[in-house]
Structures are given as structure tokens and as C-alpha cells.
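Residue numbers (this note's numbering), protein chains in the order written: chain X, -6 to 216; chain P, 29 to 485. We put the beta carbon where it would ideally sit given N, CA and C, even for glycine. Predicted, not measured: the structure shown is a model, and the values here were computed from it. Take a look at the structure below.
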Amino acid sequence: MHVLLIEDNALVASGICAGLQLHGYSVTRVHTAGSADSVLRSTHVDLAILDLGLPDEDGLSLLRRWRASGQDLPILVLTARDAVAHRIQGLQDGADDYLTKPFDLDELCARLQALLRRAGGRAVRELVWRNVRILPDQGQAWCAGIPVSLSRRELALLQVFCQYPRQILSNAQLEDSLYGLEMNIESNALSVHIHHLRRKLGQDIIETVRGQGYRLGTAEPGE
Amino acid sequence: MTLRLRLLLAIGISLTLLWSLVAGWLFMDMRRELQAVLDNRLQASARMVAGLIEQMPVDVLDVDTSQAQIDIATLDGLACEVSIMRGQITSKTLVRTQGGPDMSDTQPGFGTYRRNGNLWRVYVLEQGDLRIATADRMNVRDTLLQGLALSFGLPFAIALVGSLLLSWRAIGKGLQPFDRIRALLAGRDPGDLSPLPTVSAPPDLQPLVDTIHDLLQRVAGAILRERQFTDDAAHELRTPLTAIKTHLQVARLAIAQGREGGLVQDSLASAEQGAVYLQETLDQLLLLARLDSQQEPTEPQLADVTAAARQAGAELTAIGLDADTRIRLVQRTNAPLSAAIPHSLMVATLRNLLDNALRYSPSSTPVDIDLSQDGAHIRIAVQDQGPGIADDQIAKVTERFWRAQRDDFGSGLGLSIVRLIVDRHQGTLALSNRSGGGLTAEVVLPCAGPAQLNSPG
Chain X
-6 MHVLLIEDNA LVASGICAGL QLHGYSVTRV HTAGSADSVL RSTHVDLAIL DLGLPDEDGL
54 SLLRRWRASG QDLPILVLTA RDAVAHRIQG LQDGADDYLT KPFDLDELCA RLQALLRRAG
114 GRAVRELVWR NVRILPDQGQ AWCAGIPVSL SRRELALLQV FCQYPRQILS NAQLEDSLYG
174 LEMNIESNAL SVHIHHLRRK LGQDIIETVR GQGYRLGTAE PGE
Chain P
29 MTLRLRLLLA IGISLTLLWS LVAGWLFMDM RRELQAVLDN RLQASARMVA GLIEQMPVDV
89 LDVDTSQAQI DIATLDGLAC EVSIMRGQIT SKTLVRTQGG PDMSDTQPGF GTYRRNGNLW
149 RVYVLEQGDL RIATADRMNV RDTLLQGLAL SFGLPFAIAL VGSLLLSWRA IGKGLQPFDR
209 IRALLAGRDP GDLSPLPTVS APPDLQPLVD TIHDLLQRVA GAILRERQFT DDAAHELRTP
269 LTAIKTHLQV ARLAIAQGRE GGLVQDSLAS AEQGAVYLQE TLDQLLLLAR LDSQQEPTEP
329 QLADVTAAAR QAGAELTAIG LDADTRIRLV QRTNAPLSAA IPHSLMVATL RNLLDNALRY
389 SPSSTPVDID LSQDGAHIRI AVQDQGPGIA DDQIAKVTER FWRAQRDDFG SGLGLSIVRL
449 IVDRHQGTLA LSNRSGGGLT AEVVLPCAGP AQLNSPG
């Protein structure tokens, strides 16, 4: 999952980046509203974490602007101001969740997972596809009741497919979700990960849509 | 004592006092008049009796034919006695009212005599051989006087009580605007800072209402500033705290995932850096709070500016700024420069100025600190080669929690602390952009006086 972190304080941002990466997210960190706009224009982002105290634009105004332009990305607002009025304003202006600094890294990740679940139209933390069961926030998967060991990237890729179950995902979007703005990615890395997923969980778990990309297998008797 | 009671007492006492005086005066006057009228009646009665006797045949007065004295029944308290004089000394009483006193020894004219335990007012008329005495018993007069006093004293007393009651009501009514204002103020929530609703108050109360309005507004302003400050302070403390917490959790997670080495080390180093920022912010907030509460360090008002500048530089190096390599100290006089300010505050001032200069200018450029003396003042100029401050922002930089719009730690309190210290010590702070780029912060402080120079310490 590709997270856009908009936080102007370098020390806080580096901590969040490292923490989210350890949880399997790819993170793009920017410190101004302006660069957040340009990231959003150029890549696919699954989630945004927005700090309200930005140097070039008030975080709430950025939020309103994005929502006004139809951007429906899940957004979690971070702020060091804990006044209830601030929180209410943030939520009214289009934030999906709100966390006050200092927060717990585990809580941040749990909230991000919850946002992703809701954005994907699910209310439970478990993903079931035929005889495959996945707990994304735990990083665990079972095939026919037998635990399957997935690498961090494989799990992240599976999570992206489950996040957008009926959509055809282009290579570019999958790469963005998986790697964010990382530069030195092997050109065939994505197909290698898809190959491994098919081998471990069954050939038809991911369908190839010729010329367009991939999507989660359409037959879903498990649900 | 309530205002109402106090007013009532004042009015009541003055009313009673004045009216009692008037009443006393009236009473005395009336008594005198009454005595005069009654005396006149005594006199007139005596004359009347004398006139009647004169009309009688002469032999009536023949002492020899007349027997013992005759008693005439009369009203109680009134007496008359007719006697005939024999020579100069003796007299024979002819007629006397029944129960009347013996008035044979009284002097002519008016007099007051005690007879049989009663006081009598007596008038004696001597006409030829005839001696006529008329008398009033004094206690009858007194009863009359008492009746009179009662008949006009009672209405007076009722009127007095009535006017006091009316005053009590009127005062209560007059004080009602106070009560309304009091009720308004008492019913307010302590957090409610909205202005008072308009109260109908008489013109002489309006200044009080206006003053309360004014006070409320000023308190509201103060509370708003205080709230803003607490909010800002909380923000400043939470940011480094977040950095520390997040990095420590990253380190723990990294260890749990078996990723020893680089990531763990980096996270711990970052957490430590966060702790340094946190400590700095706390120190600055404490200093500001102390300055705000007017607590002055108990040091002498004598600081060696050069030594303070060196100490400030050393402290900045200790927290990881490259102060030792970038700061260039120039002292324009050989004599030591002593400013009239406690040493610790001089260090705080210089440290904040140098901290800003180092942080907001490229790390390859020097920061100059220029010390000179100009008469009774010491001039400290800190110059950097950074971007300076936009002209419209220069006035704002000494506001609390203002900071340059860039990714940076720092409490945003430095320059406001400098301004506060300098103001407290009759100095000035001026910020200006240099023509060649960069910012000059100039502090001018008074020199320590000779007395302070000689003082120990």
C-alpha cells in the first residue's frame, strides 16, 4: 500500500516513514502541500496521512481543496493540537480519521488498516477468497487451512488486489502501491511477485487482463 | 452592613434627630405660652373676684359680723381665697374654696408654693384691705401639657415610622439596578467571556456598567492569549515528543523483526535528537514563564558580554550546532564590556540570537558577532548570511511561536525571549536585512554602572 505522508517536521516524518515501512507500507514523504499535490498528480496513492501544520498551506484548506476536486482518497489527519473544535473541523472538512500527537505507532497502523478496509467496502479484518484466508494487518495467510508463508512484498501485493477486488489494476498502479516513489525497481519485479503468489495460493487467484493489467480472480465461491 | 441598611440608618437618624429638635423646641414654646395663658387666667380671676367684692355692701366685709371662713365648693385643682387685712401683719381669711390651700402667707403677685404635698401656682392681688389669692394646682397644668404633647407627639412618631418605611422601599427600588447587574454577573459561567447584555441603569450607574464591560473585555483578551499560548506550548512540546515516541517504537519493532543494526541505531539517534529538542523547548518555555512572572535571577546586574558570547557559543556546540567553526567574534574595544544585566540572561540572549543565525543561514557561511561600546551603551550585532526575513514579517518575528516557514525544529520562542529580556533591562532589539543578504540582529544594552562594577561578584 502506498502511503503519502505530508508532515513538515523531518524528525517526526522519518520516524513515521520507518515505522510504516516496517509494517509493509511504501511511503512517500513530502513536507509541503505543494509537493503533496504534485505527488498525487503523478502517482497512485492508496492512503494519505496529513499533518495540519504545513508551512505553505493550512492542512485543513488542503483537505477541503482535495475533497472539492473529487479526491476520495482515505485521509488520516495528524495534529499536535488536541482541541475538540479542531478535531470536529478536521472531520467535517473531509478527514476520514483523526489522530493526536504523540500517538502510538501500532495505533496509527491499526487505524490505517481500518481506513483501507472501509475504503475497500469491508467491515471485518479478514479477507476470504475461495479457500484462501488472509489477515492483512497481521501479515498472515492460509490456504485450505494451512498457513502459507508470504514475503512482505507478496503480502502487500495481495492486499492491494483485495483492496480493489473488482478493478483491473495496471502495472503502474500496482508498482506505485507496492514501491511508492522508489527508483531502482527491477523491471520484472512485479511479475515475479505475481508468479510467486499464484504458485503459493493457486493459479487463478490473480487474473491477467491482456493489455490492461491484473485483477483478483473473479470467481469467488468462498464469499 | 448592606448599602440599603446603611442608607436607611443615615436617613433615619438624621430625620429623627431633626424632627426631635423641632419637636422639643415646639414643646418648650408651647409650654411657655400655656403657662402664660393660665397665669393670665389666674390674674383675671383674682381681678374678677375683687371687682365682685367691691360691688357688695360694705358690711359684708365687716370682720366682726362675719363668722368663720366660708368654704366654696369648686373644681378640683382651682382655688381662691379672699381675706381682709388688719394692719400690716395679720389678715383674716373671709372665704376659701373647699380643699383649697392656705394662701394667707403668700406674697403679692405670681408665685409657686407647696401646700399639702401639691405645688400650686398662686396669684395674689391686694386691693385696699382686700387680699385675693387665686391658685392652680401645678399637676393639673402638667396633665394638660402631657395631653397636648401626646396629641401632637403621636402623629409625629407615626409620620417618622412611616417615612422610614417609605425610605426603605424607595432605597430598595433605587438600588435595583445594582441587583440586576449583580444577578447578571452572578449568573455568568466563568468561561463565558461575551459582553454583558445591556442593563437599564440610571446615568450615575452607567460608568460602573461601562467599567465592568471594559474589564470583562480585557479579561477575555487575556484569557484568549493565555489559551493561545497554552495551545502553542502544547504543540511545541508534542512535536518532539512524537518524534521520540515514534522512533523508539520503530527501534522496538525493528528489533522484534530481527533487523538489528542500522535502522535501530538510526532510530535511537533520532529519538535522542528529539529529546534534545524537547529539553530546549522546555528550557525556553520555563525561561519565558520566569520572565513573564517578573522573576529576576538573584545575580548582580553585571555581565561580561564577551564571556557570555563564548559561553553561548559553547552551549550551542554542545547541542550539535557548528557554532565553534562558524561564529566569528569581534570585540571593538580592549576594555571589558560589562552590560547591566544578569549573566545568565545575557547568555540566554546571545544564545538565542546565535542559534537563529546558525540555523537560518547556510552551514558554509560564517556568523559574525560584533561587540562595541558607544558611550553608556553596549552594542551587540549578530550578522548571518542567510535569506533574511521578508520585510512584512520583521515585525512579527518577535511574536511568540512565530517561526520561519520551513521544516525546522526550534521553539519559535527565541526572539520573543530576547525581546522580553532586552525590554526588561532598558535595552533595544532591532532586526534588519543586510543590503548584501542576510540578517542583522542588533541588541543595545546599558553599561553596568561604576557602583555595580565595584560590587563583589
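{"Item": "Under a three-way DSSP split, which group does Thr309/P fall into?", "Value": "helix"}
{"Item": "Show which residues of chain P have a CB atom less than 7 Å away from the CB atom of Pro95/X.", "Value": "Arg266, Leu269, Thr270, Lys273"}
{"Item": "Would a C-beta distance cut-off of 9 Å place Asn146/P and Met166/P closer than the cut-off?", "Value": "yes"}
{"Item": "Using a C-beta cutoff of 9 Å, does Tyr207/X count as contacting chain P?", "Value": "no"}
{"Item": "Is it buried or exposed for Pro129/P, if we count other Cβ within 10 angstroms and need 16 for buried?", "Value": "buried"}
{"Item": "Starting from Val5/X, find everything on chain P with Cβ-Cβ shorter than 7 Å and list it in chain order.", "Value": "Thr267, Thr270, Ala271, Thr274"}
{"Item": "Please report the Cβ distance between Ala368/P and Ala476/P, rounded to the nearest whole angstrom; I am assuming they are in contact, meaning their Cβ atoms lie under 8 Å.", "Value": "5 Å"}
{"Item": "Name the chain X residues whose beta carbon is nearer than 8 Å to that of Asp259/P?", "Value": "Arg74, Ala76"}
{"Item": "Are the beta-carbon atoms belonging to Ser391/P and Gly466/P less than 9 Å from one another?", "Value": "no"}
{"Item": "Identify the contact partners of Gly12/X in chain P, using a Cβ-Cβ distance below 8 Å as the criterion.", "Value": "Thr274, Gln277, Val278, Leu281"}
{"Item": "Does the Cβ-Cβ distance between Arg110/X and Leu92/X come in under 9 Å?", "Value": "no"}
{"Item": "I'd like to know if Ser222/P contacts chain X, where contact means its C-beta is closer than 9 Å to some C-beta of that chain.", "Value": "no"}
{"Item": "When Cβ atoms are compared, which residues of the segment 120 to 141 of chain X fall closer than 7 Å to chain P?", "Value": "none"}
{"Item": "Does the segment 331 to 349 of chain P come into contact with the segment 389 to 409 of chain P, if we say contact requires no fewer than three beta-carbon pairs (one atom in each stretch) closer than 8 Å?", "Value": "yes"}
{"Item": "For the alpha helix (DSSP H) containing Met76/P, list its first residue and its last residue.", "Value": "31 to 83"}
{"Item": "Note down, in chain order, each residue of its chain lying with its Cβ closer than 8 Å to the Cβ of Arg356/P, except the 5 sequence neighbours on either side.", "Value": "Pro394, Val395, Asp396, Ile397"}
{"Item": "From the beta carbon of His16/X, is the nearest beta carbon of chain P less than 9 Å away?", "Value": "yes"}
{"Item": "Exposed or buried, Pro140/X, counting other C-beta atoms within 10 Å across all chains shown (16 or more means buried)?", "Value": "exposed"}
{"Item": "State the DSSP-derived secondary structure class of Gln135/P, mapped to helix, strand or coil.", "Value": "coil"}
{"Item": "At 3 residues or longer, what runs of the beta strand (DSSP E) sit wholly inside the segment 81 to 143 of chain X?", "Value": "90 to 93, 120 to 122, 125 to 128, 133 to 136, 139 to 141"}
{"Item": "Is it right to say Lys94/X is buried, meaning 16 or more other beta carbons lie within 10 angstroms of its own, or is it exposed?", "Value": "buried"}
{"Item": "Starting from Val162/P, follow the beta strand (DSSP E) in both directions and report where the run begins and ends.", "Value": "One detail in the question is off: residue 162/P reads as Thr in this sequence, not Val. Unbroken beta strand (DSSP E) run through Thr162/P: 158 to 165."}
{"Item": "Classify Leu16/P as helix, strand or coil using the three-state DSSP reduction.", "Value": "As displayed, chain P neither begins before 29 nor continues past 485, which places residue 16/P out of reach and without an answer."}
{"Item": "Assign Val410/P to one of three DSSP states: helix, strand, or coil.", "Value": "strand"}
{"Item": "So, for Ser94/P: in the same chain, excluding its five sequence neighbours on each side, which residues have a beta-carbon less than 7 Å away from its beta-carbon?", "Value": "For Ser94/P, the pLDDT reaches just 49, beneath the cut-off of 50, and the residue's location in the model is therefore unreliable, although a value from the coordinates is still provided. Cβ neighbours of Ser94/P beyond the five flanking positions: Leu122."}
{"Item": "Compute the Euclidean distance between the alpha carbons of Arg434/P and Pro48/X, then round it to the nearest angstrom.", "Value": "Only weak support is given to the placement of Arg434/P: the predicted model assigns it a pLDDT of 49, under 50, and the question is left unresolved by the model."}
{"Item": "Determine the burial state of Gln312/P: buried for a count of at least 16 other Cβ atoms within 10 Å of its Cβ, exposed for fewer.", "Value": "buried"}
{"Item": "Which residue wins for smallest C-alpha separation from Arg246/P, given the options Arg266/P, Thr258/P, Ala229/P, Pro223/P?", "Value": "Pro223/P"}
{"Item": "If you measure from the beta carbon of Gly302/P to each beta carbon in chain X, is any gap under 9 Å?", "Value": "yes"}
{"Item": "Grouping DSSP H, G and I as helix and E and B as strand, with all else coil, what is Ala76/X?", "Value": "coil"}
{"Item": "Out of Glu82/P, Arg60/P, Thr309/P, Gly105/P, which one is the CA nearest neighbour of Ala261/P?", "Value": "Thr309/P"}
{"Item": "Looking only at C-alpha atoms, which of Gly210/X, Pro67/X, Leu98/X, Asp44/X sits nearest to Arg74/X?", "Value": "Asp44/X"}
{"Item": "Taking contact to mean 3 or more Cβ pairs, one atom from each stretch, closer than 8 Å, check whether the segment 28 to 46 of chain X and the segment 187 to 202 of chain X are in contact.", "Value": "no"}
{"Item": "Applying the criterion that 16 or more other CB atoms from any shown protein chain within 10 Å of the CB defines a buried residue, is Gln307/P buried or exposed?", "Value": "exposed"}
{"Item": "Chain X partners of Ser295/P, CB-CB under 8 Å?", "Value": "Gly8, Ala11"}
{"Item": "Short of 6 Å in beta carbon distance, which residues of its chain neighbour Asp169/X, apart from the five on each side in sequence? Order them along the chain.", "Value": "His(-5), Thr36, His37"}
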